[in-house]
Structure formats: C-alpha cells, structure tokens
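Novice:
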Amino acid sequence: MPDRKIRVMVAKPGLDGHDRGARILARCFRDAGFEVIYTGCHQTPEQIAAAAIQEDVDLVGLSCLSGAHRLLFPRVVELLRKKDASDITVIGGGIIPEADFTMLYEAGIKAIFTPGATLDSIVEWIRNNIKTHD
Amino acid sequence: METIKKICEGNVRAASRLIRDLEDKLPHARPRLRQLFKHTGKSFIIGITGSPGAGKSTLTDALIAELRKLSKTVGVLAVDPTSPFTGGAILGDRVRMLRHAEDEGVFIRSLATRGALGGLSQAAGDAIHVMEAMGKDVIIVETVGIGQQEIDIINHAHSVIVVMVPGMGDEIQSMKAGILEIADVFAINKADRAGAKQLHTELASLLNSAPQSAGAWRPPIVMIENLYEPLTFVEQTAELAQKVAEHYAYLQESGQLDKRTERRAMMQINDALRACIMEPVIDNLTASGELQYLAEKIKNREIDPYSVAEEISKRFLKSGGINDIDKK
Ligand code: B12
Ligand SMILES: Nc1nc2c(ncn2[C@@H]2O[C@H](COP(=O)(O)OP(=O)(O)O)[C@@H](O)[C@H]2O)c(=O)[nH]1
Ligand SMILES: [Mg+2]
C-alpha cells in the first residue's frame, strides 16, 4: 500500500502582513517532504476554506500575528464544517496569548504554536496527527 | 459509483480527492478513471508554458477572468516542481489567482511534478480527465517552466500559449527550433521592458522564415505590457484570450482538432500502458529485491540489460514475451 503524500496549506487570514513566519514554515514543510500550497497574505476565511477544499489538503495552517486570530481562526473551521470538510485539520500559530488557547481549541483548532516553537516540533505534530494510510 | 456521479455533477471535493488518489496511485483510483472516461472529451484544453517567473500564473489569472465574462466554467491545473532532495514541494501558482478562489465556476488545483521531467506531472493527464468529467468548458494547464524539455503539454492541450519576457534569457537564439512546434499563440509579457520590440521582431522574423502552407495557422504574437497598468493589461490579456479562441475555431474548422485529439489519444494509450504494465512490473521487481539484484549483475557485466528485459517480459506477459508480440 503506497503512502499518501501529506498535503498542507499555509495561509494568512486577515490584514496581517507579517509573512516571514508563514514563508519559513512553507519551506520547512517542503523540506519535510510535504506538498505545500502557499497562498500568501490577506486572505478571507472564505477564500482559505474554498482553496483548502479545491486542493484537497490534509491540514490548513493559519498564521496570524496581528491579534485577529480569535475571530478569523474559528471562522475557517466553521466554513470547512459547513462545506462538509471537517476532516481537514486546522492548526494555527503566531502571536497568540495563552489566555486564548482554550477558546481556540473549543472552536476546533487542533494545535497552536507561538514564537519559540521549533520547526521540528511542528513537523512532528503534523506527522503524528495526519494519517498517511486510508 | 457515488464518486463518479458526484464528479459528473461538478462536486469539487469528490473531484479533488480522486485527483489526489490518482497522484498517490491508490489502487481504487484507476478503475474510477475508467468509468469517468466516457464523460470526457468536451472541454477546450489550453496549455500555458514559458520560463519560471515569465508570468504564466498571472496570465492564467487574467484568462480565467476573461473566460468568466463569457460565463465559461474553468478548471486550472497548475504544476510546480517537486524537490528532488526531499520529495516536498511549494505550490505557489495559486497566489496569483486568489480573486477566483470563491467563484464556484472556477476550480484551481495545484500539482507537484513528483519527479516527472516533461513539465507536467504523471497524474496531469488523469487530472485533466477528471476536470473534463466535471463538465468544465475550458481547462488551463500551467507547466513548470524549467527549460526546453517540457513538451509534454502538446500531448495534452488543444492550444498552447508560450509566454516570453524580454531580457530574461528568452532570446530566440536560446530557444532554438522546438518552440515553433509548441506554440500556437505567443505572449510577450512585461512588454514595457527594454528589449520587447526586439524580441517581437526576432520572433516575427523567425515565424516568417518558417515554411508556411496555405491556410495553415500562423501563431500570433500578443504584447502584454504591464500588470500594474490595469487598463491596458486587461485590454491586452483580452486580446490573448481572443487569439486563443481564434486558434480553437481554426482547429475545429480545419479538421486539425481531430488530429490533435488523436495525438492525445496515442499519448493516453502510452501513459495507460505504462501505468498498467511497466509500473506493476517495476513495483514487483523492487518489492522482491530482484531489481537491485539484477542491477548488481549488470554493473558487474555478468548479464546485459537487454536479456534481463526479455526474460522479465517472458515472465510477466502471458503471450510469451515481447518477441511474440512482434510476430503478431
Ligand atoms: C518582523 C516583524 C515585523 C516586520 C514584518 C516583516 C514580514 N514580512 O514578516 C514589519 C517591520 C513589516 C512589521 C510590521 C508591523 N508590526 Co511587526 N513584528 C515583527 C516581529 C519583530 C517579528 C515577527 C517575525 O517575523 N518573527 C519570526 C517568525 C519566524 O516567527 P513567527 O511568525 O512568530 O512564527 C513562529 C511561531 O509564531 C509559529 N507560527 C507562526 N505562524 C504559524 C502558523 C502555523 C500554522 C504554525 C504551525 C506555527 C506558526 O511558528 C514560527 C516558528 O516558531 C514581531 C515581534 C515578535 N517577537 O514576534 C513584531 C510584531 C508581530 N509586530 C507588531 C506590530 C504591532 C506591527 C505593526 C502593526 C507595527 C506598526 N504600528 O506599524 C506593523 C504591521 C504590519 C502589517 N502589515 O501587518 C506586534 C503585534 C502586536 C499584537 N499582535 O498585538 C509585534 C508582536 C511586536 C510587538 N511586540 O508589539 N513587523
Ligand atoms: N512588471 C511586471 N511584472 C509582472 C507582470 N506579469 C507578472 N509579473 C510578476 O512576475 C512574477 C512572476 O509571475 P508568475 O505569474 O508567478 O510567473 P510564472 O512563474 O511564469 O507563473 C510575479 O512577481 C508577478 O507579479 C507584468 O506584466 N509586469
Ligand atoms: Mg506559476
């Protein structure tokens, strides 16, 4: 049985222009052997959800350093759910105060990584949580 | 069966998943493709090729916009290279097409080459079929754009756009002969840059010097000046869309469409044979370790690759081997 190639999307919702982290992540995921769809800055949650479905990704990684994560992250999860795509895992990262973690987990964000999180730990999380066999 | 029905109804989830299963070579994927085939063959397939950074994705975005004005449904397959070192890939073509993300009439799917060298991926032909079965009016296939070897696109597309840029090493000299056989329409992009006129002149004289039979298609050259001058950009990309449409009309009227469809069918047989005969044999030999063993023997000159191939074909082909096929 051949292994599935892991496909992920890295997206930046909202008006936040801090894309350094997202770019670094995209490269790191490529180096981990994943196929990465990179969609850049200034995406609406609607665009992100639609692209995730068209690309059939396993995981959407949202990056936000502007403080708008409380609004934007749950919205992406909700839109995926509405489009019958709640099997797509959503994780997030950026400047996210610990006080918001519970709220985001409850909204369906599966993991959160903040500055200082190592790239290895992020890749490892994905490997452990995305199944490559049907 | 459910999957087939969904895809024919245009369901994006089902279609994208099947494309993925085909890329990952899951065993159930090919039989599905077989069932889908009768629903294919109605779309107009446009290829777009040219060096990296020439503006293929940007022009694809503009073409989508033009096609949507005519209410055509559009599928896009955008191919980017897989890293030979890690097997991973960054697929970034989509970034240029974001404004269409929410348009239900547009389905954009990125593909990684996964080692294929011809500018497309192995699953690209299959993915085109899936989009055809979805009923897309037009399918645009953007190639990787690394060099001069990427001619796979001509086996899949009805019309091919070659994108060139002045001062990017796209001088005609460096493109050699092949380019004329590939291109149905030329786009000189970023044509507000120095050297655009010269590129145009060189290209035009090359086209003039090519043998030309009466009534044959002459690839037009469309100048597209600057993405950041929206008024002229839209006008010029509309012209590009128009030229491609004219080429399609020419193909239909001249009977060339039939020829191209036949060429595509040949290629499909080729691909299908490879998937159905070559790959299982290689997989089998790899899994059993025999491939490694044989390579070792060939390396030591204990045996030659031709005898190996013949012996293997005898073992795997019921008819008694390749020589038998020759006789029939
Ligand atoms: C560099 C920087 C900039 C650069 C951005 C360059 C660029 N293109 O990215 C510039 C100078 C342009 C800039 C501008 C601004 N910035 Co600034 N900037 C920073 C700074 C110093 C570093 C960010 C960075 O690149 N880090 C390096 C990357 C690799 O780390 P990272 O993105 O955090 O990613 C890591 C993790 O968070 C996590 N991660 C992040 N995203 C994701 C996603 C997923 C899926 C996963 C799994 C993990 C993950 O993994 C990464 C690895 O550990 C931070 C301060 C800080 N220490 O974070 C402020 C900071 C983010 N900026 C800030 C502000 C306020 C601004 C401005 C509004 C300033 C202004 N008034 O003009 C503007 C807004 C720009 C805009 N358009 O949005 C604030 C945000 C405050 C807040 N959220 O409440 C910060 C926190 C500074 C501060 N302490 O006040 N900024
Ligand atoms: N100045 C200028 N830049 C352009 C034009 N068209 C595309 N670009 C830029 O060229 C870069 C590469 O474009 P892209 O469409 O991704 O090229 P591709 O690699 O061939 O798909 C991007 O930064 C575009 O914004 C143009 O007409 N003028
Ligand atoms: Mg591109």
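First to last, the protein sequences are chains A and B. 378 is the number that this note's numbering gives to position 86 of the first sequence; each next residue is one higher, with no gaps. 336 is the number that this note's numbering gives to position 323 of the second sequence; each next residue is one higher, with no gaps. We put the CB at the ideal spot given by N, CA and C, even for glycine. Quick caveat, the model's predicted, so the values are computed rather than measured.
Could you give the first and the last residue of the continuous alpha helix (DSSP H) run that contains B:S84?
Specialist: No alpha helix (DSSP H) contains B:S84, which DSSP labels as neither H nor E.
Novice: For the region 331-351 of chain A against the region 368-385 of chain A, do three or more pairs of beta-carbon atoms, one drawn from each stretch, fall closer than 8 Å, so that the two count as touching?
Specialist: Enough Cβ pairs lie closer than 8 Å, so yes.
Novice: Please classify A:P305: does DSSP put it in a helix, a strand, or coil?
Specialist: Of the three classes helix, strand and coil, the one that applies to A:P305 here is strand, per DSSP.
Novice: Check each candidate in B:G148, B:V108, B:H169 and name the one with the smallest Cα separation from B:G132.
Specialist: Closest by alpha carbon: B:H169.
Novice: Express the C-alpha separation of B:E22 and B:M147 in angstroms, rounding to a whole number.
Specialist: Using only the alpha carbons, I get a separation of about 6 Å.
Novice: Go through its chain and collect everything with a Cβ distance to A:T406's Cβ below 6 Å, but skip five positions before and after it.
Specialist: Excluding sequence neighbours, A:T406 sits near I388.
Novice: If distances are taken between C-alpha atoms only, which option among B:L46, B:R45, B:Q269, B:H171 comes closest to B:S56?
Specialist: Ranking B:L46, B:R45, B:Q269, B:H171 by Cα distance to B:S56 puts B:H171 first.
Novice: For B:S70, decide whether its Cβ has a neighbour in chain A, counting only Cβ atoms nearer than 9 Å.
Specialist: With 9 Å as the cut-off, B:S70 does not count as an interface residue toward chain A.
Novice: What I want to know is whether the C-beta of A:A324 ends up closer than 8 Å to one or more non-hydrogen atoms of ligand 1.
Specialist: Outside the cutoff, so no.
Novice: Pull every residue with its beta-carbon under 5 Å away from any heavy atom of ligand 3, and keep them in chain order.
Specialist: Matched residues: B:K69, B:S70, B:D106.
Novice: Give every residue of the same chain whose Cβ lies closer than 7 Å to the Cβ of A:V328, excluding the five residues on either side of it in the sequence, and list them in chain order.
Specialist: Excluding positions up to five away in sequence, the list reads V300, V302, A318, F321, R322.
Novice: Going along the region 374-386 of chain A in order, which residues come within less than 9 Å of chain B, judged by CB to CB distance?
Specialist: Those residues of the region 374-386 of chain A that come within reach of chain B (Cβ to Cβ, closer than 9 Å) are K375, D376, A377.
Novice: When every heavy atom of ligand 1 is checked, does at least one fall within less than 8 Å of the C-beta of A:R312?
Specialist: Checking the Cβ of A:R312 against ligand 1 gives yes.
Novice: Just the Cα atoms here: how many angstroms apart are A:F393 and A:A360?
Specialist: One C-alpha to the other measures close to 13 Å.
Novice: I need the DSSP call for A:T406, collapsed to helix, strand or coil.
Specialist: It is coil, neither helix nor strand.
Novice: Taking A:V328 as the query, report the chain B residues whose CB atoms sit under 8 Å from its CB, ordered along the chain.
Specialist: The contacting residues are G101, A102, I103, L104.
Novice: Expressed to the nearest angstrom, what Euclidean distance is found between the alpha-carbon atoms of B:M291 and B:Q135?
Specialist: Roughly 14 Å separates the two Cα atoms.
Novice: Starting from the Cα of B:H41, find the closest Cα among B:L216, B:T16, B:I58, B:K51 and give me that residue.
Specialist: Cα-wise, what sits closest to B:H41 is B:T16.
Novice: Using a threshold of 9 Å, state whether the C-beta atoms of B:I77 and B:V25 are closer than that.
Specialist: No; because the gap between Cβ atoms is not below 9 Å, this pair is not in contact.
Novice: Quick one, are the C-beta atoms of B:L111 and B:A125 less than 9 Å apart?
Specialist: In this structure, B:A125 does not lie closer than 9 Å to B:L111 by Cβ.
Novice: Would you kindly work out how many angstroms separate the C-alpha atoms of A:I418 and A:G313, rounded to a whole number?
Specialist: Roughly 17 Å between the two C-alpha positions.
Novice: For a contact defined as C-beta to C-beta under 8 Å, what are the partners of B:V151 on chain A?
Specialist: What B:V151 touches in chain A: nothing, since even the nearest Cβ is about 16 Å away.
Novice: Specify the secondary structure class of B:S29 as computed by DSSP and reduced to three states.
Specialist: Reduced to three states, the DSSP call for B:S29 is helix.
Novice: Whose Cβ in chain A lies nearer than 9 Å to the Cβ of B:L46?
Specialist: Those do not exist, as B:L46 stays about 16 Å from chain A at its closest Cβ, beyond 9 Å.
Novice: DSSP three-state call for B:V178: helix, strand or coil?
Specialist: B:V178: coil per DSSP, three-state reduction.
Novice: Any beta-carbon of chain A closer than 9 Å to the one on B:I121?
Specialist: At least one chain A Cβ lies under 9 Å of B:I121.
Novice: List in chain order: all unbroken beta strand (DSSP E) runs of 3+ residues lying wholly within the region 67-138 of chain B.
Specialist: Entirely contained in the region 67-138 of chain B, the beta strand (DSSP E) runs reaching 3 residues are, in chain order, 87-93, 102-104, 119-125.
Novice: When the distance is taken between beta carbons, is B:V176 closer than 9 Å to B:L72?
Specialist: The answer is yes: Cβ separation under 9 Å.
Novice: Would you call the region 254-264 of chain B and the region 201-221 of chain B in contact, with 3 or more CB pairs under 8 Å?
Specialist: Touching, no.
Novice: May I ask you to list the residues that DSSP assigns as paired with A:Q335?
Specialist: For A:Q335, which the question treats as bridged, DSSP gives the partners A:P305.
Novice: Please report how far the alpha carbon of A:T331 lies from the alpha carbon of B:T53, in whole angstroms.
Specialist: Taking the straight line from one Cα to the other gives about 30 Å.
Novice: On the DSSP bridge list, what partners appear for B:I59?
Specialist: Bridge partners of B:I59: B:I153, B:S172.
Novice: Ends of the beta strand (DSSP E) at B:A200?
Specialist: Per DSSP, B:A200 belongs to the beta strand (DSSP E) from 198-202.
Novice: When you compare the region 262-270 of chain B with the region 235-253 of chain B, are there three or more beta-carbon pairs, one atom per stretch, that lie closer than 8 Å?
Specialist: Cβ pair count under 8 Å is below three, so no.
Novice: What residues from chain A crowd round B:A114, counting only those whose CB sits closer than 7 Å?
Specialist: Q339, A342, A343, listed in chain order.
Novice: Using a Cβ-Cβ cut-off of less than 9 Å, give me the residues of the region 307-331 of chain A that come near chain C, in sequence order.
Specialist: Of the protein chains in this structure, namely A and B, none is chain C.
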